[in-house]
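Here's the structure we're looking at; comments come further down.
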Amino acid sequence: MQGMYLLVVDWYFILEKFLLVGLVVSLSMVVAMYATYAERKVAAFLQDRIGPNRAGIFGLLQPLADGGKLFFKEEIIPLASSKALFVLGPMLAMITALLTSAVIPWSTPLRIFDRNISLQIADINIGILYIFGVVSLGVYGIMIGGWASNNKFSLLAAIRGASQMISYELAMGLSLIALLMLTGSLQMSVIVNHQLGGGLGGLLSWHVIYQPLGFVIFFICAMAECNRTPFDLPEAENELNFGYHQEYSSMKLGFYLFAEYINMFISGVVMSTLFFGGYDLPFVNEETWNIHQNWLAIIGFCTLLGKAFFFVFVFMWIRWTIPRFRFDQLMNLGWKRLIPLALINMVITAFVILWLKK
Amino acid sequence: MNVTQILFWFLSVLALFGALMVVTSKNPVHSVLWLIATFFSISGHYILLNAQFLAIVNIIVYAGAIMVLFLFVIMLMNLNKTTEPKKNRWLKLAGGVAGGCLLLVFIAALKSSEITQQTAEVKTGDIGLIKNLGRELFSTYVVPFEISSILFLSAMVGAVVIGKKE
Amino acid sequence: MQLTQRAKQVDRRPMTQLEKLYLWNIAKGMWITISHLFKRKVTIQYPEQKRTFSKVFRGVQILNRDEEGRERCTACGLCAVACPAEAITMEAAERQPGEEHLYKEEKYAAKYEINMLRCIFCGYCEEACPKDAIYLSQTFAQANYDRKGFIYKKEDLLIPNPKEDPDAYQRAVGERVTKPLSS
Numbered sequence: 001m002q003g004m005y006l007l008v009v010d011w012y013f014i015l016e017k018f019l020l021v022g023l024v025v026s027l028s029m030v031v032a033m034y035a036t037y038a039e040r041k042v043a044a045f046l047q048d049r050i051g052p053n054r055a056g057i058f059g060l061l062q063p064l065a066d067g068g069k070l071f072f073k074e075e076i077i078p079l080a081s082s083k084a085l086f087v088l089g090p091m092l093a094m095i096t097a098l099l100t101s102a103v104i105p106w107s108t109p110l111r112i113f114d115r116n117i118s119l120q121i122a123d124i125n126i127g128i129l130y131i132f133g134v135v136s137l138g139v140y141g142i143m144i145g146g147w148a149s150n151n152k153f154s155l156l157a158a159i160r161g162a163s164q165m166i167s168y169e170l171a172m173g174l175s176l177i178a179l180l181m182l183t184g185s186l187q188m189s190v191i192v193n194h195q196l197g198g199g200l201g202g203l204l205s206w207h208v209i210y211q212p213l214g215f216v217i218f219f220i221c222a223m224a225e226c227n228r229t230p231f232d233l234p235e236a237e238n239e240l241n242f243g244y245h246q247e248y249s250s251m252k253l254g255f256y257l258f259a260e261y262i263n264m265f266i267s268g269v270v271m272s273t274l275f276f277g278g279y280d281l282p283f284v285n286e287e288t289w290n291i292h293q294n295w296l297a298i299i300g301f302c303t304l305l306g307k308a309f310f311f312v313f314v315f316m317w318i319r320w321t322i323p324r325f326r327f328d329q330l331m332n333l334g335w336k337r338l339i340p341l342a343l344i345n346m347v348i349t350a351f352v353i354l355w356l357k358k
Numbered sequence: 001m002n003v004t005q006i007l008f009w010f011l012s013v014l015a016l017f018g019a020l021m022v023v024t025s026k027n028p029v030h031s032v033l034w035l036i037a038t039f040f041s042i043s044g045h046y047i048l049l050n051a052q053f054l055a056i057v058n059i060i061v062y063a064g065a066i067m068v069l070f071l072f073v074i075m076l077m078n079l080n081k082t083t084e085p086k087k088n089r090w091l092k093l094a095g096g097v098a099g100g101c102l103l104l105v106f107i108a109a110l111k112s113s114e115i116t117q118q119t120a121e122v123k124t125g126d127i128g129l130i131k132n133l134g135r136e137l138f139s140t141y142v143v144p145f146e147i148s149s150i151l152f153l154s155a156m157v158g159a160v161v162i163g164k165k166e
Numbered sequence: 001m002q003l004t005q006r007a008k009q010v011d012r013r014p015m016t017q018l019e020k021l022y023l024w025n026i027a028k029g030m031w032i033t034i035s036h037l038f039k040r041k042v043t044i045q046y047p048e049q050k051r052t053f054s055k056v057f058r059g060v061q062i063l064n065r066d067e068e069g070r071e072r073c074t075a076c077g078l079c080a081v082a083c084p085a086e087a088i089t090m091e092a093a094e095r096q097p098g099e100e101h102l103y104k105e106e107k108y109a110a111k112y113e114i115n116m117l118r119c120i121f122c123g124y125c126e127e128a129c130p131k132d133a134i135y136l137s138q139t140f141a142q143a144n145y146d147r148k149g150f151i152y153k154k155e156d157l158l159i160p161n162p163k164e165d166p167d168a169y170q171r172a173v174g175e176r177v178t179k180p181l182s183s
């Protein structure tokens with residue numbers, strides 16, 4: 001039962017976790033930073049353009065330039081806003097975006113100084129529920145920011161965004177219940193282990209094979225939770241008079257925009273962990289390679305990153321293909337299509353599992 | 001004092017402070033946000049008791065869903081000082097007396113109860129983990145569990161009926 | 001009546017249940033965008049690369065000189081009359097003895113201004129000019145810090161002297177000036 005307790009005092013353990021948290025946070029930050037660059041490049045390439053290429057070779061320093069610009073912009077706090085909450089909004093958005101990564105198993109354990117170092121910050125019993133908890137808190141960044149701006153349009157956009165997120169959380173949760181029936185656990189490490197060791201180097205035991213509909217629903221909902229086009233109603237710049245961050249400027253605006261990219265990366269990681277075998281490399285059986293454990297861990301980590309980047313790319317690809325939904329269409333899709341579909345998926349899965357067990 | 005105790009005191013102070021701020025805040029939106037902070041510290045207490053499922057469900061349901069609806073309503077109503085009704089001084093006094101009486105009753109009831117002898121089991125007991133909790137709910141407590149689910153279902157049907165009536 | 005060969009009849013039949021899922025249409029759209037990922041990019045890297053202009057490109061005006069470097073403009077005002085945007089103003093002056101190397105005719109423009117914020121680059125001034133004195137060159141994308149800077153004076157508009165600086169003269173002429181310059 002060791003490890004199930006969230007509080008075990010062991011200084012090496014604490015140091016290890018601190019380092020891991022630092023690493024994961026900085027990784028998310030760097031990835032999000034370059035996701036902004038990738039977004040612009042992908043958009044450009046899909047539109048037959050070249051994209052940013054002036055700052056550094058291939059424009060690789062562009063994110064730094066953008067960040068620097070945001071830092072040096074004038075910071076405006078509207079006089080009529082409630083100041084503490086106005087500052088709290090972007091902070092919350094950022095914190096909730098970063099919190100999710102705590103339960104992701106990034107790879108197989110490393111072995112350093114004769115200690116097995118798990119590359120998962122917290123392998124808690126309720127991993128998936130934790131993700132839901134954090135995702136459901138993501139609403140507050142939007143709502144508080146929108147309300148504190150003391151601007152009608154910000155408030156309306158915030159409420160638009162919050163109702164969207166609440167609606168799609170439901171379908172997201174329901175789509176995962178079917179997955180949980182397969183694994184019988186909410187623990188992320190168990191879910192990943194469940195997908196290892198199938199045919200074709202693990203590929204045939206990936207959950208996406210058993211739960212294609214569940215994955216599609218989860219994918220759509222993840223896109224809605226990240227406020228990505230076609231679900232970017234909360235921040236529709238031109239059509240709906242911008243969004244909840246209308247009054248924000250400087251790095252506080254940057255935080256909001258940045259949080260979106262972190263969310264995108266993390267949801268890519270969550271999707272690959274839940275449905276695409278996590279750190280499992282398909283078509284080969286890494287266990288038989290007879291190389292050092294650390295190398296295996298690094299390969300697994302790169303695999304997971306690769307999968308996550310693929311999803312990030314798909315997000316971008318969709319963004320530059322599909323136009324934005326209207327609000328009633330959005331609500332119809334969420335409540336009248338996805339939730340019943342997820343329920344049907346759940347019931348069918350339950351029956352199949354029962355039938356197979358007989 | 002070990003880590004658990006430090007955390008316990010920290011969370012208790014946070015919970016009490018948050019609860020006080022809920023009552024004393026002038027702005028209802030601030031009250032709701034303090035209430036969310038209170039829920040978080042209570043969830044922290046659950047984690048100290050190794051009731052992980054309860055902790056996270058508390059956050060998802062209360063902090064994540066119900067409080068959002070509260071915020072919705074309060075933000076749209078645009079409550080502020082000018083709309084706040086004037087309170088009668090006698091009403092305040094009556095409220096104070098009633099509250100004090102309630103506190104007295106609570107203290108008296110708790111003093112003689114067995115709770116003072118039972119301390120919470122910290123770091124032991126796995127009943128709060130999701131597997132055990134689920135097993136308990138669907139075996140020992142299956143009847144109340146199903147009844148409550150029927151209650152929720154009827155509430156949902158009622159909500160749909162009200163929503164359809166235009 | 002069919003105007004083009006590419007016109008398509010819009011299908012106005014109500015969508016079937018399968019079509020309402022938009023699955024096929026979304027897949028088609030995604031295919032279109034991803035196929036553009038591998039297409040040749042049309043971007044021109046401006047300061048390094050430059051687009052080749054057509055012969056009739058109309059850029060910023062220049063005031064021409066003849067081959068001896070004398071200003072051709074006689075301040076007749078026909079360009080100002082022709083200008084639909086009323087961007088051109090000028091003041092005439094008489095050529096004094098001893099200034100024959102500066103001005104081609106007896107009358108010349110002492111002041112010649114074009115307000116570039118009003119100019120629409122229609123090229124009517126060039127057409128109106130009886131002396132081949134004003135041309136629309138291939139220079140474009142002027143920049144300035146304030147609005148005053150966009151009122152181009154005669155010094156800004158005059159082409160470099162072909163005798164003193166033939167290279168700069170050639171550059172300013174560009175490919176645009178095709179009419180014979182001497183006449």
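Residue numbers (the working numbering), protein chains in the order written: chain A, 1 to 358; chain B, 1 to 166; chain C, 1 to 183. Backbone N, C-alpha and C define an ideal beta-carbon position, used for all residues, glycine too.
| query | With Leu186/A and Ile104/A assumed to form a contact (beta carbons below 8 Å), what rounded beta-carbon distance in angstroms separates them? | reply | Wrong, their Cβ atoms sit about 14 Å apart, outside the cutoff.
| request: Return the chain-ordered ranges of every alpha helix (DSSP H) run that is complete within the stretch 48 to 96 of chain B and spans a minimum of 4 residues. | output: 52 to 57 and 67 to 77
| query | Residue range of the beta strand (DSSP E) that Gln61/C falls in? | reply | Gln61 to Leu63
| Under the three-state reduction of DSSP, which class applies to Ala259/A: helix, strand or coil? | helix
| task | Check the DSSP bridge columns for Ile114/C and list the partner residues they point to. | result | Ile88/C and Tyr152/C
| Residue-chain proximity (Arg6/C, chain A), Cβ-Cβ < 9 Å | no
| said: Against Arg228/A, what residues of chain C qualify as contacts under a CB-to-CB distance less than 8 Å, listed in chain order? | reply: Those within 8 Å of Arg228/A in chain C number zero; the least Cβ separation is about 15 Å.
| query | From which residue to which residue does the alpha helix (DSSP H) around Asn25/C run? | reply | Leu23 to His36
| Met116/C versus chain A: which residues are under 9 Å apart at the beta carbon? | In chain order: nothing, as chain A lies at least about 27 Å away.
| Residues within the stretch 130 to 141 of chain A neighbouring chain B, beta-carbon criterion of under 7 Å | Tyr130, Phe132, Gly133, Ser136, Leu137 and Val139
| request: Name the one or two DSSP bridge partners that Glu71/C has. | output: Arg65/C and Tyr103/C
| Would Lys41/C count as contacting chain A if we go by Cβ distances under 9 Å? | yes
| Do three or more CB pairs link the stretch 152 to 160 of chain A to the stretch 204 to 214 of chain A at distances below 8 Å? | no
| task | Starting from the N-terminal side, write out each stretch of the alpha helix (DSSP H) that is 4 residues or longer and does not extend beyond the stretch 176 to 226 of chain A. | result | 188 to 194, 207 to 210 and 212 to 225
| Neighbourhood of Gly243/A by C-beta distance below 6 Å, restricted to the same chain and skipping five residues each side | Ala157, Pro234 and Glu235
| field | Candidates Ala171/A, Glu16/A and Ala55/A: closest to Asn116/A by CA position | value | Glu16/A
| query | The beta strand (DSSP E) with Ile117/A in it runs from where to where? | reply | Arg115 to Ile117
| field | Length of the line joining the Cα atoms of Asn161/C and Gln45/C | value | 32 Å
| Do you know how far the Cα of Val57/B is from the Cα of Gly199/A? | 37 Å
| Three-way DSSP call (helix, strand, coil) for Tyr108/C in this model | strand
| message | I'd like to know if the stretch 339 to 346 of chain A and the stretch 247 to 259 of chain A are in contact, where contact means that at least 3 CB-CB pairs between them fall below 8 Å. | response | no
| said: For the structure I just gave you, are there three or more beta carbon pairs, one from the stretch 325 to 332 of chain A and one from the stretch 284 to 300 of chain A, closer than 8 Å? | reply: no
| request: Go through its chain and collect everything with a Cβ distance to Ala55/A's Cβ below 6 Å, but skip five positions before and after it. | output: Leu61, Gln62 and Ala65
| query | Looking at the C-beta of Ala65/B, does it have a partner C-beta in chain A at a distance below 9 Å? | reply | yes
| query | So, using beta-carbon positions, are Tyr124/C and Leu63/C closer together than 9 Å? | reply | no
| message | Along the chain, where does the alpha helix (DSSP H) containing Leu296/A start, and where does it finish? | response | Gln293 to Arg319
| 9 Å Cβ cut-off: residues of chain B touching Met143/A | Val68, Leu71, Phe72 and Met75
| Candidates Thr43/C, Ala82/C, Lys20/C and Lys107/C: closest to Arg268/C by CA position | No answer is possible for residue 268/C: the residues shown for chain C start at 1 and end at 183.
| task | Pull out every residue of the stretch 18 to 31 of chain C whose Cβ sits closer than 8 Å to any Cβ of chain A, in chain order. | result | Ile26, Gly29 and Met30
| query | If you draw a straight line from the alpha carbon of Arg89/B to that of Leu103/B, how long is it in whole angstroms? | reply | 21 Å
| query | Which class does Leu64/A belong to by DSSP, given the choice of helix, strand or coil? | reply | helix
| field | Ile127/B at chain A interface by Cβ criterion, 9 Å | value | no
| request: From the DSSP output, read off the bridge partner residues of Tyr168/A. | output: According to DSSP, which records beta bridges pairwise, Tyr168/A is partnered with nothing at all.
| said: Quick check on Glu286/A: does DSSP put it in helix, strand or coil? | reply: helix
| query | Going by beta carbon distance, what residues of the same chain come within less than 7 Å of Ile36/B, once the five residues before and after it are set aside? | reply | Ala63 and Met67
| field | According to DSSP, residues forming a beta bridge with Tyr135/C | value | Ile62/C
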